[in-house]
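Report on the structure given below.
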Ligand SMILES: Cc1cc2nc3c(=O)[nH]c(=O)nc-3n(C[C@H](O)[C@H](O)[C@H](O)COP(=O)(O)OP(=O)(O)OC[C@H]3O[C@@H](n4cnc5c(N)ncnc54)[C@H](O)[C@@H]3O)c2cc1C
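Numbering (the working numbering), first residue to last: 1066 to 1403.
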């Protein structure tokens, strides 16, 4: 669903026609309980929802992350939040209305979901401005706390993304840690800048229920290794809610493709456990994602987090074919899972 937000900004999709009901997973013999999880009781192996208590033998925590705009004073009041579904139509309206001035895009917390997504958003916004004929009178600036565009992708991929941004007249400003936002003013640890329209990626946090039960520490994610096992027996954490360190500096990026790979490894191990076989499945760290560059073109970032001797990431140059593959990627997932 998240990737549709970018297509909503580009104007090629609407939310209502993109959503699918999760009740379809019942076709696979999985009961779907659409209730808020209020407590995880690890000692008694019980998950409480607003209305019931569910006993488990195995628990897979896949609660994702929550957006935490409140961690940056003034962010919610003075910017539109790229990852917030309510703000996405407002971003589309604002970029179609603006005639001149400066659009700033800021990553304000680390780590965040889908590291390339804010760059895709910037490039898609530039495309919309080109369509509306205002592009030449609008400056676009991108601010990130990281020194390079995509640290998880390494210096080479980061440089290639920088060049793609430059080719679209989008200026990247690394090492800019946002500390506050005021009306038309973005404040960094050192320095500040003005803007006419600000689009932000806010800090992320784990759902409180994972902290209350002790699986996550405040300000952190659930730390697991490639087995996705937590420190509690038969309890696993997959997807955005977890943190898997690959080296002492690089963690597995928060992306749907990796959540899927982690889920597959955990499923295999639970099946092995039930069959009393050896559990030897581990998350393979392989995946990739499409970097949309506007006008129905995309590049492809191939990732092998556990390549020997160090993680490998490469960016395949943008083509219309990769854009078609991205659409196919979504279609296949929807058909397979829902
Ligand atoms: C703009 C954008 C574009 C993206 N594009 C891509 C892409 O092209 N490729 C890619 O691989 N990834 C992409 N991602 C990242 C991807 O969307 C996430 O990494 C992925 O959804 C993570 O899956 P998850 O299951 O861990 O979490 P989620 O998909 O967030 O699912 C967690 C679920 O748990 C629910 N939940 C939370 N707390 C509770 C509670 N207490 N009780 C009950 N339910 C609860 C949430 O409501 C949510 O439905 C993109 C993200 C964004 C924001």
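Every residue, glycine too, gets a C-beta built ideally from N, C-alpha and C. Because the structure is a prediction, the values reported are computed rather than measured.
Proximity of residue i and residue j at Cβ, strictly below 8 Å
i	j	result
residue 1166	residue 1203	yes
residue 1181	residue 1356	yes
residue 1318	residue 1186	no
residue 1161	residue 1403	no
residue 1152	residue 1132	no
residue 1112	residue 1121	yes
residue 1378	residue 1219	yes
residue 1169	residue 1251	yes
residue 1068	residue 1222	no
residue 1371	residue 1289	no
residue 1147	residue 1266	yes
residue 1333	residue 1346	yes
Element boundaries [beta strand (DSSP E), containing residue i]
i	result
residue 1334	Residue 1334 -> not in any beta strand (DSSP E); alpha helix (DSSP H) instead, spanning 1321 to 1339.
residue 1205	1203 to 1208
residue 1167	1166 to 1172
residue 1300	1300 to 1302
residue 1126	1124 to 1126
residue 1119	1118 to 1120
residue 1112	1111 to 1114
residue 1103	1102 to 1106
Chain-order list of residues whose beta-carbon lies under 8 Å from that of residue i (same chain, five-residue window excluded)
i	result
residue 1211	1172, 1175, 1239, 1240
residue 1306	1126, 1127, 1128, 1129, 1130, 1271, 1272, 1275, 1281, 1286, 1287
residue 1328	1125, 1127, 1303, 1304
residue 1078	1069, 1072
Delimiting residues of the alpha helix (DSSP H) encompassing residue i
i	result
residue 1083	1080 to 1083
residue 1386	1385 to 1402
residue 1162	1153 to 1162
residue 1069	1067 to 1075
residue 1141	1140 to 1143
Neighbourhood of residue i by C-beta, 7 Å cutoff - its chain only, sequence neighbours within 5 removed
i	result
residue 1088	1097
residue 1071	1182, 1185, 1186, 1189, 1357
residue 1235	1187, 1191, 1205, 1207
residue 1157	1073, 1074, 1076
residue 1233	1188, 1191
residue 1116	1100
Closest by C-alpha distance to residue i, when choosing among the options
i	options	result
residue 1259	1270, 1268, 1370, 1247	1247
residue 1144	1110, 1321, 1249	1249
residue 1417	1164, 1214, 1178	Any property of residue 1417 remains undetermined from this structure, which presents the chain solely from 1066 to 1403.
residue 1359	1333, 1389, 1349	1389
residue 1349	1292, 1136, 1269, 1224	1292
residue 1299	1339, 1196, 1376, 1194	1339
residue 1245	1134, 1351, 1093	1134
residue 1323	1373, 1354, 1257	1354
residue 1351	1373, 1363, 1344	1373
residue 1364	1277, 1284, 1301, 1229	1229
residue 1213	1231, 1237, 1320, 1325	1237
residue 1255	1269, 1367, 1209	1209
Sequence-distant residues of the same chain with beta carbon closer than 6 Å to residue i, five excluded per side
i	result
residue 1424	Any property of residue 1424 remains undetermined from this structure, which presents the chain solely from 1066 to 1403.
residue 1015	Nothing can be reported for residue 1015, as the shown portion of the chain is limited to 1066 through 1403.
residue 1297	1107
Residue i beta carbon near ligand 3 (any heavy atom closer than 7 Å)
i	result
residue 1151	Only ligand 1 can be found as ligands here, which leaves ligand 3 out of the picture.
Q. Which runs of the beta strand (DSSP E) spanning at least 3 residues fall entirely within the segment 1196 to 1283, listed in chain order?
A. Qualifying beta strand (DSSP E) stretches, in chain order: 1203 to 1208, 1235 to 1238, 1243 to 1247, 1250 to 1253, 1257 to 1259, 1262 to 1266.
Q) Curious, which full-length beta strand (DSSP E) runs of at least 3 residues does the segment 1348 to 1387 contain? A) With a minimum length of 3 residues, the continuous beta strand (DSSP E) runs that stay inside the segment 1348 to 1387 are 1351 to 1359, 1362 to 1369, 1377 to 1384.
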